[in-house]
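Visitor:
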Amino acid sequence: MSVAEQSITDGVREILATHPGAGRDSLIPILQEIQEKQGFLSREAVVEVGKHLQLSTSKIYGVATFYNQFRFNPQGKYHIQVCRGTACHVKGSAAIFDSLKRELKIGSGETTRDGLFSLEVVACIGACGLAPVINVDGNFHANMTTQAIPKVLDIYRKRVAE
Numbered sequence: 001m002s003v004a005e006q007s008i009t010d011g012v013r014e015i016l017a018t019h020p021g022a023g024r025d026s027l028i029p030i031l032q033e034i035q036e037k038q039g040f041l042s043r044e045a046v047v048e049v050g051k052h053l054q055l056s057t058s059k060i061y062g063v064a065t066f067y068n069q070f071r072f073n074p075q076g077k078y079h080i081q082v083c084r085g086t087a088c089h090v091k092g093s094a095a096i097f098d099s100l101k102r103e104l105k106i107g108s109g110e111t112t113r114d115g116l117f118s119l120e121v122v123a124c125i126g127a128c129g130l131a132p133v134i135n136v137d138g139n140f141h142a143n144m145t146t147q148a149i150p151k152v153l154d155i156y157r158k159r160v161a162e
């Protein structure tokens, strides 16, 4: 086991220690705590939760994949949310999402190889007057166009370079 995997396992065990005698009904709260602390649900975390709750990993993955709140990959330094709510959809958010996928070479729920960007489609950001809109770590980019995508990504790439 690598140092990183051991660190993840130790962190999960700390969380599980606060749930002695937990049963199946504690699965979602435990997974939420792990994701809150570690940012995602690793394979090692799922295995440890399975041992603690006496559940198979397939059962845990079945529950976790049902809910879109759970991630199985670490987020990038900059997390991009693409709004697909009604106003954004009508104003072309599908094309914005496709452009981001092409530029970043990843899909929804994935992170770029360099760990710089992660991409997520969300039902609604609540900024309908800015449609179509993307959110990068709390920064809203309004009235997005496919032509603006490279410029927005460059803003964040330059921040890392500085």
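Note that my numbering gives residue 144 to position 144 of the sequence shown, counting from 1, and the numbers run on in steps of one. Heads up, the beta-carbon is just placed ideally off N, CA and C, and yes, glycines get one too. Note that the structure is predicted; figures quoted are calculated from it, not measured.
#1: Mind reading off the beta-carbon distance from VAL122 to ARG84? Whole number of angstroms is fine, and I expect it under 8 angstroms.
#2: For the putative contact between VAL90 and ILE134, defined by C-beta atoms under 8 angstroms, what is the C-beta separation to the nearest angstrom?
#3: Do PHE97 and GLN75 come within 8 angstroms of each other at the CB atom, strictly closer than that value?
#4: Three or more C-beta pairs under 8 angstroms: does that hold for the segment 43-56 against the segment 7-20?
#5: Excluding the five sequence neighbours on either side, which residues of its own chain have a C-beta within less than 7 angstroms of the C-beta of ALA95, listed in chain order?
#6: Out of GLU103, ARG43, ILE34, which one is the CA nearest neighbour of GLN69?
#7: Return the Cβ separation of GLU120 and ILE155 in integer angstroms, given the expectation that the two are a contact with Cβ distance under 8 angstroms.
#8: Can you tell me where the alpha helix (DSSP H) with GLN35 in it begins and where it stops?
#9: Assuming the contact rule is C-beta atoms closer than 8 angstroms, LEU116 and TYR78 should be a hit. Round their C-beta distance to whole Å, please.
#10: Quick one, which of ALA142, ASP114, THR112, ARG113 has its alpha-carbon nearest GLY126's?
#11: Using only the alpha-carbon positions, how far apart do VAL160 and GLY21 sit?
#12: Please return the same chain residues whose Cβ sits closer than 7 angstroms to the Cβ of THR57, not counting the five positions on each side in sequence.
#13: So the beta strand (DSSP E) PHE140 belongs to, where does it begin and stop?
Guide: Let's see:
#1: Looking up residue 122 in the sequence shown gives position 122. Looking up residue 84 in the sequence shown gives position 84. The pair is a contact, with the Cβ atoms about 7 angstroms apart (cut-off 8 angstroms).
#2: Sequence index remark: in the sequence shown, residue 90 carries index 90 (1-based). Sequence index remark: in the sequence shown, residue 134 carries index 134 (1-based). Not quite, the Cβ-Cβ distance comes to about 16 angstroms (not below 8 angstroms), so this is no contact.
#3: The residue you call residue 75 lines up with position 75 of the sequence shown. The residue you call residue 97 lines up with position 97 of the sequence shown. No, the pair does not count as a contact, with Cβ atoms beyond the cut-off.
#4: yes
#5: Residue numbering aside, residue 95 sits at position 95 when the sequence shown is read from its first letter. Contacts found: THR146.
#6: By 1-based counting over the sequence shown, the position of residue 69 is 69. Measuring from the Cα of GLN69, the nearest candidate turns out to be ILE34.
#7: Mapped onto the sequence shown, residue 120 falls at position 120. Mapped onto the sequence shown, residue 155 falls at position 155. So it is not a contact: roughly 19 angstroms between Cβ atoms.
#8: Position 35 of the sequence shown, counted from the start, is the residue given in the question as residue 35. Counting along the chain, the alpha helix (DSSP H) containing GLN35 begins and ends at 27-38.
#9: What you label residue 116 is simply residue 116 of the sequence shown in a count that begins at 1. What you label residue 78 is simply residue 78 of the sequence shown in a count that begins at 1. About 6 angstroms; that satisfies the 8 angstroms criterion.
#10: Reading the sequence shown from its first residue, position 126 is the one you call residue 126. Checking every option, the nearest Cα to that of GLY126 belongs to ALA142.
#11: For this step, residue 160 is matched to residue 160 along the sequence shown. For this step, residue 21 is matched to residue 21 along the sequence shown. Cα-Cα distance, rounded: 45 angstroms.
#12: Within the sequence shown, residue 57 is the residue found at index 57, counting from 1. Result list for THR57: VAL46, VAL47, GLY50, in chain order.
#13: The sequence position of residue 140 within the sequence shown is 140, counting from 1. Unbroken beta strand (DSSP E) run through PHE140: 139-141.
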